[in-house]
Each structure stands twice: as C-alpha cells, then as structure tokens.
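570 is the number of the first residue of the sequence shown in our numbering; add one for each residue after it.
Reading through the structure tokens given below for one structure.
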Amino acid sequence: MVEAVIVFPIVLLTVFVLIYLGLFKLQEMAMLYQVQRVAHQGAHVLANPGYRELGDYTQKAIDFSSDPSDVNAYYKAAHDNLLVLYREIAGYGAWTSQGELQQFMDRVAQSTLILAGGAYSDNTVTIERGLFATQIMAEVTFSFPTPGVMRYFGYPDSLAYKQSATAVAMDPANFVRMVDLAGDALTVVSEKLGIADDIGKIMDGIRKYVF
C-alpha cells in the first residue's frame, strides 16, 4: 500500500522529469546546430559570390554533389567584375541579402523543433558589414510551457531559451591580395611624390616598436 501511494508516484515523477530534461537538452543542441549552421553557411555565402552556384544552400543537405560545370560557374561568379573581385573594399553582400538568410534560418528552425508544445518566438539574422570582413550573427529564442509539476515549485508558466552564433565572412586569399595591393600602391605613390625614404623610415620604426 505504501509503495502504491508514495514510491510509485515518486518513481514515475522522476522518470518523467528525466525524460523532459533529456528532451530539453536535445532541443538545446538542435538550436545550437541551427544557429551555427546559419552563421557559418551565411559567412560562406557572403565571402564567396559563387557559393550558390554549387547548389541550393537553403535546403537541408549540407554537402553539395557538384559537377565540374558547377565549379567553373563558381569561379566565374567569384571573378565577375571588379566590385566582386575587390569585394573587401566594395563591401560584401551584393549577391545575397539579409532577408534571404532570414528565410534560411526559418527553414532550418522547422527541422529542429523537438520539444512538444514549444515554438520559436524570435529568429534573427544580423549582418554587420565592415572593411575587409563582414560579421554575421544568428540568434534564436525558443519558448516552451513548463509542466504543471514545475509550476508547483514556483516556475513560471513558460520559459524561454536563447542560442546565438557568430561567424566572420572573410576570404583569406583576397585579404592577402588586398594587403599586397595596398603595399604596392603605397610604394608607387611614395616614389612619385619623392617621399619613399620617409615612408621607409616610418615602416622601419613600426617594425621596431610593434613587431
């Protein structure tokens, strides 16, 4: 009689709590996967104009099965014009938009909804453009109702959990090319103006005290 009144309810309650916590942890990891994928794939799209030529990155598949023609189209798009070629100066993102990445975020969110009764309340993708690099941040908020037992212990009727991830869109090869271009331009201009020796002294001083 004691077991039926006290022990069994406690055991069942413990099992239910463990299952709920396990589902919550699974939802947490799914949210982390969601924001990381959106941030990193968004960074690929921003840094590489031809990325979309390899396939539809907004679909569920992560890896592309591209043929040689897709690869050729990728390099062609990456060298389309001077604004694309020197995109660190012209600015990233002419080949994509924040709204497109937002739709990508919403689509990924639908495939990561695990915890019953919960829903994503705020999915945002923010692009902060800058010189030489652009930062993309994906943030998601998941709201879910708390079980009646947890409310008995003082928890609110619903809880919200937030995950975010940040990635930098930058092509290292293009960055090196731009630095090299800036160095060559500085050398040519200083020689034309007859101040090459002064520039050399300044650079020597920078190397001495900085490096």
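Each residue gets a CB set at the ideal place from its N, CA and C atoms; glycine is no exception.
No experiment lies behind these values; they were computed from the predicted model shown.
Distance between residue j and residue i (C-alpha atoms, nearest Å)
i                 : j                 : result
serine 707        : arginine 746      : With the sequence shown as reference, residue 707 is identified as alanine, and serine is not the correct amino acid for it. Taking the straight line from one Cα to the other gives about 29 angstroms.
leucine 601       : alanine 608       : 11 angstroms
alanine 618       : alanine 647       : Here residue 618 turns out to be proline, not alanine, going by the sequence shown. Cα to Cα, the separation comes out at about 5 angstroms.
threonine 681     : glutamine 596     : 7 angstroms
leucine 750       : leucine 728       : 53 angstroms
aspartate 649     : alanine 734       : 31 angstroms
alanine 599       : phenylalanine 585 : 21 angstroms
tyrosine 643      : glycine 699       : 24 angstroms
proline 756       : aspartate 766     : Before going on, a small fix: residue 756 reads as threonine here, not proline. Computed Cα separation, rounded: 10 angstroms.
valine 758        : aspartate 740     : 27 angstroms
phenylalanine 711 : valine 748        : 43 angstroms
glycine 668       : alanine 678       : 15 angstroms
lysine 594        : alanine 688       : 15 angstroms
Run of the alpha helix (DSSP H) containing residue i, from where it starts to where it stops
i              : result
isoleucine 764 : Note, isoleucine 764: premise wrong, no alpha helix (DSSP H); not H, not E.
alanine 647    : 637–647
glycine 513    : Lying before the first or after the last residue shown, residue 513 is absent from the chain, which here runs from 570 to 780.
Among the options, the one whose alpha carbon lies nearest that of residue i
i                 : options                        : result
leucine 670       : Pro741, Pro637, Val758, Gln603 : Gln603
phenylalanine 673 : Lys594, Gln605, Ile764, Leu592 : Gln605
valine 653        : Tyr620, Asp749, Leu682, Thr693 : Tyr620
threonine 542     : Ala599, Val757, Lys731         : Because the chain is modelled from 570 through 780, residue 542 falls outside the range shown and cannot be assessed.
leucine 623       : Asp639, Lys594, Val614         : Asp639
serine 690        : Leu615, Gly699, Val709         : Val709
isoleucine 696    : Lys594, Asp766, His613         : His613
Simplified DSSP state of residue i, which is helix, strand or coil
i              : result
isoleucine 588 : helix
methionine 600 : helix
proline 618    : coil
serine 759     : helix
isoleucine 575 : helix
leucine 652    : helix
leucine 684    : coil
glycine 784    : Within the shown structure, residues of the chain are numbered from 570 to 780, placing residue 784 beyond reach of any answer.
glycine 611    : helix
glycine 717    : helix
Beta-carbon proximity check, residue i vs residue j, cutoff 8 angstroms
i                 : j             : result
phenylalanine 713 : glycine 752   : no
glycine 611       : alanine 702   : no
leucine 651       : leucine 592   : no
proline 725       : tyrosine 589  : no
leucine 615       : threonine 583 : no
isoleucine 764    : alanine 738   : no
Minimum Cβ-Cβ distance from residue i to chain D less than 8 angstroms
i             : result
threonine 665 : Note that chain D does not occur in the displayed structure, where there is just one protein chain.
Where the beta strand (DSSP E) through residue i begins and ends
i              : result
methionine 706 : 703–714
aspartate 691  : 688–698
leucine 728    : 727–738
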